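**Q** Take a look at the following structure, please.
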Amino acid sequence: MTAAMNAPPLLAATGLAKAWGGVRAVDDVSFSVAAGEIVALIGPNGAGKSTCFNLINGQLRPDAGRVLLSGRDITGAGPARAFRAGVGRTFQIAATFASMTVRENVQTALAAARGQIMRPWGAGRNIARDDAMRLLALAGMAGMTERPAAGLAYGDVKRLELAIALAGAPRLLLMDEPTAGMAPADRAALMRIAVAVARAQNIGVLFTEHDMDAVFAHADRILVLDRGRLIASGAPAEVRDSPAVRAAYLGDGVLFAATADDRRQ
Amino acid sequence: MSFWIAQFLTGLASAASLFLVASGLSIIFGVTRVVNFAHGAFYMVGAYVAWSLTERLSGAFGWWGGVLLAAAAVAALGALAEILVLRRIYQAPELFQLLATFGLTLVAADLVVMLWGPDELVGRRAPGFTGSIALFDQMIPAWDLFLIALGPVALGLLWLLFNRTRFGVLVRAATQDREMAAALGVNEKWLFTGVFALGVFLAALAGALQLPRESVNHHMDLRIIVDAFVVVVIGGLGSITGAFVAALLVAQLNAFGILLFPKISLVIIFLVMAAVLAVRPWGLLGRPDVAQRPPAATSARPWRPLGGAGRLAMAALVLAAAALPFVSGDYLVIAATETLIFAILAVSLHVLLSVAGVASFGHAAFFGLGAYGVALAVKGLGLGMGAALALAPLVGLVGAGLFALAAARLSGVYLAMLTLAFAQILWSIAFQWVEVTGGDNGVLGLWPAGFAAQPAGFYWLTLGLAVLVIGVSRVIMFSPFGYGLRGARDEARRAASIGVSPGLMRWCAFAIAGTGAAVAGALFAFLKGSVFPDTLAIPVSVDSLVMVLLGGVQTTLGPLAGAVAYKALSIWLLSQTQWSKLALGLVILAVVLAFPRGLVGVVNQWRDRWLTQRRPGHGEPP
Amino acid sequence: MAAQQLPSSPPTASEPAADGLCVDGLNAWYGQAQILHGVGLNVGPGEIVALLGRNGAGKTTTLRAIMGLVRRSARQLGFRGADIGPMPPFAIARRGLGYVPEDRRIFTDLTVDENLETGRQPPRPGAPQWTPERLFELFPNLGRMRDRPGGAMSGGEQQMLAIARTLMGNPHMVLLDEPAEGLAPRIVEDMAAALLALKREGLSLLVAEQNLNFARLLADRAHVLAGGESRFSGTMAELDADPDARDALLAV
């Protein structure tokens, strides 16, 4: 919110709130993401990460608050409009087109991004071939472009999904638990690719993640949610030392905090 | 006034049996997620078995005992069918279970004729309920009063079963959360069998209890199943109370519709169903949380356009087909024309079912729109064959476009049911709007003109249009738009997040499929020289579905192969045996159980295996 | 597929007797996503073992994989001397292995009594025997709402009901997924007391837990998961002495 004086930040969320049947899943949450900045959104189970994420990507309409992308209102715009506004995203359980080859997956996204997806003639597999190959090479999949997506190992599915998300040349990339379900060795590789591309193309990244190694290794800034509220925000080192964050991750704390602290000494 | 009351009581009496059938259907769906098309067949078999037993067993005890025994025997048959057929395909997409139960329906239809003969059978009246009772100056059959009382009693007994017995509690638990029930030690397999047997028992009992009301005949199955589907959908799949309320509603609509709106009596219940679904997409008392299965069509084997050799082979096939009239007589040419027409129909359904992943039980709607489009163009507007053939697809396009708009909120089984309702609405209009459609007498004298007047000429015309439609559908399939359709089918979330609207894709698929089906319907009208409401009836919808599934829903050439195989087989069987339904039903069951991937799917599998064996070390993980 | 494997039998664990649970080299998948990579753990009779790990570490998947509710493979998956690897979930439950999921999955349309009925199994020799009446002694709240539908209960009451429902199967062992999650502090105390009472009855428990303090109140031993792999196995005291394991667990 410090950038408010100058040009609007890439992403600005202000006063977001969403309740589910009386439970405040997200409660007055405000933050921003600058172009080229990598921001992690973390919090214990049930903290409201998913709801918050779906408010940003337009899937959900907040009860209050606004989401601005470079000053343009995309609050509750729905996934298709958010995409056109420049939002790319990956899903917690990777969503790719299983019946197509790896290359066709990316070509479908490219055809959509270039307004050709409604064209009922011409060979879809010749569309933007070179660009598709370039994106796949970027995602480290140059050697498997002709493989059926359904037969990929999950780590490769995740990388393919990243290539699809990048096909729309997004200005903001939303990644919902990018490394969930991957073998430990693949996780770091995926995050490295995503971060390198984001830095090179000045894309702002907002991601949720359980794997704290990935969070602390790659995030420029960390936002911590607990019970729907933003309880901390700052550089990794600050967040790591925040007592509020430690308490949130240790659980209720009220009851057993004393014993726990005793034992920890 | 008293006449209205009598009519109301007749409606209540009909509601009882409708409720029994529909509650069975609903219970089975709730727990097993199977849309049991064979439910009408079990109802019919229940009536036939009860007829035989009540004829043989004497006395009051014999009659009532016979009815209950018949229901129990048919329930045992149902359990057997569940164990032998359904148990093997619960994991398959829901269309396969529908297809399997349709196969059972065909088998049962011929078996009852084989065992009981084709004529209507009149059963004995129920002892103690043979007379009529004067009520409000009208004579009401005592049996109707019994049935009126039976409805609430049955609801009460079912309530006791589901609330006061362990079996019932487990069924309700499994309806809500099958996995949790299993984790608590509930053996799903036998629970499913038990539920299926219970549902079939109710259907067979309803059939048996119809003995004193109407004669037993081999058309009972389809007549009841459509009403039962409507009741279940209006009431909400899986809800017994919903089925009770909806059965009352539908039975009264049937009873009074014929008096108040004789012109549209058949269509009323479907209009009500469409209205209910528009307001409550999951029925009156249904729940929106019906678990969705993965789409049937998602293939792990990416589709490829034909290569050079494949195109040459196709061209050779077309040339060979074109040469047919030179080497064979008119009978074969006409049979081949009909086969080609159904190939067009199957390919159009394939666009909807396989490319876009939308299940439809009512493809006959668009086929019939094409056929009646031709009839009205020729008879009403006085157009020639060419103009009529050009106009008919537009009728299909408009019909499909409007339907898809109206159905935009639905998906899965409910959408499939609404397509069925749409086809039935059109069928009812064709049947009852006699001034325009000729009703049951149809529209006659639609003969092709000019070169197409001869069977060979019309064959070539059909072949040309088939090549055109199939060619266009393949161009679409592999175009960027085709990727959009398949993308929205594979993974709607992903499609939406790259700016491809799944709703728009689905609408387009309906429009394309409707247009293609209308081309087939138009040709069919000229082939037969006439149009009857049959073109809009359920068997056409089912045939087109069978052809796509038989060929292989996950393949691109499947519908073509399936249509040729199925249509040629059924034409041949019709000429060879009087038990063609039985034979066809057995073939369908065999295909569903042995080749769930369809004919072309099997060929692909063999080819893949052969290729991997030739290139050792290149194998993909299974 | 699994990237790394832990030594199959952790040094501190007692050898699994024929009447415990013994898991080794457990892999599990959701669709194509592999969640577990060679998890190993064991629980002896009458023991409470905590399955610890951060959010997303694979605790829930481990419990579901043991029950056969997700696609899995394992070098060894033994319960009371039987190989439960090839068994469907209902058969595993009928061998006396109970499961209480994290989201409770109460049958919301069913009353308390009916929910208990769904879990009922015949008495099992050697395992504690339960009747609704005995369970209402353990969870007095439930006894006061026997006719209430599961959907009309608070989170804490649902959690008690979920446990009671599983106990109706007279299990030897129960897999318990985050029993304290989302409960008010006072209810958490009640819950801990109830679980300790179950232990005194001779029931074994494998409790997945994020809250180390809660786990400490209950457990004899702990297994720690991180990223779908086993990171530590030992007594609670050993866990406190192992900085790496504590980091895997606590570091934010």
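Chains as they are written, first to last, in the UniProt record's numbering: chain A, 1 to 265; chain B, 1 to 622; chain C, 1 to 252. A virtual CB, placed ideally from N, CA and C, is assigned to each residue, including glycine. None of the values given here were measured: they were computed from a predicted structure.
Just the chain A side, please: which residues come within less than 9 Å of E157/C by C-beta, in chain order?
**A** Residue mapping note: residue 157/C aligns to position 157 of the third sequence, counting from 1. In chain order: nothing, as chain A lies at least about 17 Å away.
**Q** By the three-class DSSP mapping on this structure, what secondary structure does Q7/B have?
**A** Here the question's residue 7/B lines up with position 7 in the second sequence. Q7/B falls in the helix class under three-state DSSP.
**Q** In the DSSP assignment, find the beta strand (DSSP E) that holds N27/C and state where it starts and stops.
**A** In the third sequence, residue 27/C corresponds to position 27, counting from 1. 21-30 is the span of the beta strand (DSSP E), which, as asked, contains N27/C.
**Q** Check distances from the C-beta atoms of the segment 63-86 of chain A to those of chain B and list, in chain order, the residues that come in under 9 Å.
**A** G78, P79, A80, R81, A82, F83, R84: these are the residues of the segment 63-86 of chain A whose beta carbon lies less than 9 Å from some beta carbon of chain B, given in chain order.
**Q** So what's W121/A in DSSP terms, helix, strand or just coil?
**A** Against the first sequence, residue 121/A aligns to sequence position 121. Coil at W121/A, not helix or strand.
**Q** Find the nearest neighbour of S215/B within the set L415/B, W606/B, W51/B, A565/B, judged by alpha-carbon distance.
**A** For the purposes of this step, residue 215/B is identified with residue 215 of the second sequence, where counting begins at 1. The shortest Cα separation from S215/B among L415/B, W606/B, W51/B, A565/B belongs to W51/B.
**Q** Can you tell me whether N126/A is buried or exposed? The criterion is at least 16 other CB atoms within 10 Å of its CB, across all chains shown.
**A** By 1-based counting over the first sequence, the position of residue 126/A is 126. Exposed, since its Cβ has fewer than 16 Cβ neighbours within 10 Å.
**Q** For V279/B, does the count of other Cβ atoms within 10 angstroms reach 16, so buried, or fall short, so exposed?
**A** Looking up residue 279/B in the second sequence gives position 279. Exposed.
**Q** Under 8 Å: do the segment 555-564 of chain B and the segment 46-64 of chain B share three or more Cβ pairs, one atom per stretch?
**A** These segments do not touch.
**Q** Taking 8 Å as the threshold (beta carbon to beta carbon), is H37/C in contact with chain A?
**A** Sequence index remark: in the third sequence, residue 37/C carries index 37 (1-based). Yes, contact with chain A.
**Q** Compute the Euclidean distance between the alpha carbons of V609/B and L599/B, then round it to the nearest angstrom.
**A** Translated into the one-based positions of the second sequence, residue 609/B becomes position 609. Translated into the one-based positions of the second sequence, residue 599/B becomes position 599. According to the sequence provided, residue 609/B is Arg. The question's Val does not apply to it. R609/B and L599/B: Cα-Cα distance of roughly 16 Å.
**Q** With a threshold of 8 Å between beta carbons, is N187/B in contact with chain C?
**A** For the purposes of this step, residue 187/B is taken as residue 187 along the second sequence, with counting starting at 1. Judged by the 8 Å Cβ criterion, N187/B is in contact with chain C.
**Q** Looking at chain C, which residues of the segment 207-220 of chain A have a Cβ within less than 7 Å of any of its Cβ atoms?
**A** H210, D211, M212
**Q** Per the contact definition of three or more C-beta pairs closer than 8 Å, is the segment 96-105 of chain A in contact with the segment 149-166 of chain A?
**A** yes
**Q** Closest to residue 299/C by C-alpha separation, out of R172/B, G457/B, L155/B, L147/B, would be which residue?
**A** No information on residue 299/C is available, as it lies outside the stretch 1 to 252 that chain C covers here.
**Q** Express the C-alpha separation of A50/C and V39/A in angstroms, rounding to a whole number.
**A** Residue 39/A sits at position 39 when you count from the first residue of the first sequence. Residue 50/C sits at position 50 when you count from the first residue of the third sequence. Whole-angstrom Cα-Cα distance: 33 Å.
**Q** Let me confirm a value: M385/B is counted as buried when at least 16 other C-beta atoms fall within 10 Å, else exposed. Which label applies?
**A** Residue mapping note: residue 385/B aligns to position 385 of the second sequence, counting from 1. Under this definition M385/B is a buried residue.
**Q** Assign F192/B to one of two classes, buried (16 or more other C-beta atoms within 10 Å of its C-beta) or exposed (fewer than that).
**A** As a first step, residue 192/B must be located in the second sequence, where it is residue number 192. F192/B should be labelled buried.
**Q** Whole angstroms is fine: what's the gap from G503/B's alpha carbon to A495/B's?
**A** In the second sequence, counting from the first residue as 1, residue 503/B sits at position 503. In the second sequence, counting from the first residue as 1, residue 495/B sits at position 495. Each residue's Cα considered, the two are about 11 Å apart.
**Q** What do you get for L349/B, buried or exposed, if any count of 16 or more other CB atoms within 10 angstroms of its CB means buried?
**A** If you number the second sequence from 1, residue 349/B lands on position 349. L349/B is buried by the Cβ-count criterion.
**Q** Please list the terminal residues of the continuous alpha helix (DSSP H) segment that includes T118/C.
**A** What you label residue 118/C is simply residue 118 of the third sequence in a count that begins at 1. 112-119 is the extent of the alpha helix (DSSP H) around T118/C.
**Q** Would a check of beta-carbon distances place A496/B closer than 8 Å to chain A?
**A** Within the second sequence, numbered from 1, the residue matching residue 496/B stands at position 496. Answer yes: the Cβ-Cβ gap between A496/B and chain A drops below 8 Å somewhere.
**Q** Confirm, please, whether the CB-CB distance from A392/B to A275/B is below 8 Å.
**A** In the second sequence, counting from the first residue as 1, residue 275/B sits at position 275. In the second sequence, counting from the first residue as 1, residue 392/B sits at position 392. No, the Cβ-Cβ distance between A275/B and A392/B is not below 8 Å.
**Q** In this structure, how does DSSP classify L6/C when only helix, strand and coil are distinguished?
**A** As a first step, residue 6/C is located in the third sequence; it is residue number 6 there, counting from the start. Bear in mind that a pLDDT of 42 at L6/C, under 50, signals an unreliable position, so the model cannot answer this.
**Q** Please compile the residues from chain C whose C-beta is within a distance smaller than 7 Å of the C-beta of G46/A.
**A** By 1-based counting over the first sequence, the position of residue 46/A is 46. Going along chain C in sequence order, the residues near G46/A (Cβ under 7 Å) are G182.
**Q** Judging by CA-CA distance, which residue of A132/A, A94/A, D241/A is the nearest neighbour of A167/A?
**A** Within the first sequence, residue 167/A is the residue found at index 167, counting from 1. Of the listed residues, the one whose Cα sits closest to A167/A is A132/A.
**Q** Find the nearest neighbour of A208/B within the set S14/B, A346/B, L68/B, judged by alpha-carbon distance.
**A** Position 208 of the second sequence, counted from the start, is the residue given in the question as residue 208/B. Of the listed residues, the one whose Cα sits closest to A208/B is L68/B.
**Q** Can you tell me where the alpha helix (DSSP H) with G48/A in it begins and where it stops?
**A** Here residue 48/A corresponds to residue number 48 of the first sequence, with the count starting at 1. No alpha helix (DSSP H) contains G48/A, which DSSP labels as neither H nor E.
**Q** On a CA-only basis, which of G117/B, I27/B, M139/B, S132/B is nearest G168/B? Give me that one, please.
**A** Counting from one through the second sequence, the residue named residue 168/B turns up at place 168. For G168/B, the nearest C-alpha among the options comes from I27/B.
**Q** Assuming V267/B contacts I429/B (C-beta within less than 8 Å), just tell me the rounded distance between them.
**A** If you number the second sequence from 1, residue 267/B lands on position 267. If you number the second sequence from 1, residue 429/B lands on position 429. V267/B to I429/B, Cβ: 6 Å. Contact.
**Q** I need the straight-line Cα distance from residue 262/C to F42/B, nearest angstrom please.
**A** This structure leaves residue 262/C out entirely; chain C is present only between 1 and 252.
**Q** Pull up the CB-CB distance for G484/B and A13/A, whole angstroms please, since I reckon it's below 8 Å.
**A** Taking the first residue of the second sequence as 1, we reach residue 484/B at position 484. Taking the first residue of the first sequence as 1, we reach residue 13/A at position 13. 31 Å between Cβ atoms; not a contact.
**Q** Any beta-carbon of chain B closer than 8 Å to the one on Q121/C?
**A** Translated into positions along the third sequence, residue 121/C becomes position 121. So yes, Q121/C belongs to the interface.
**Q** Give the straight-line distance between the Cα atoms of A248/C and G56/C, rounded to the nearest whole angstrom.
**A** Locating residue 248/C in the third sequence gives position 248, where the first residue counts as 1. Locating residue 56/C in the third sequence gives position 56, where the first residue counts as 1. Going from the Cα of A248/C to the Cα of G56/C covers about 12 Å.
**Q** For L337/B, which three-state DSSP category applies?
**A** Counting from 1 along the second sequence, the entry for residue 337/B is found at position 337. This sequence places Thr at residue 337/B; Leu is not what is there. The three-state reading of DSSP puts T337/B in helix, counting H, G and I together.
**Q** Please list the segments of the alpha helix (DSSP H) lying wholly inside the segment 138-170 of chain A, counting only runs of 4 or more residues, in order along the chain.
**A** 154-167
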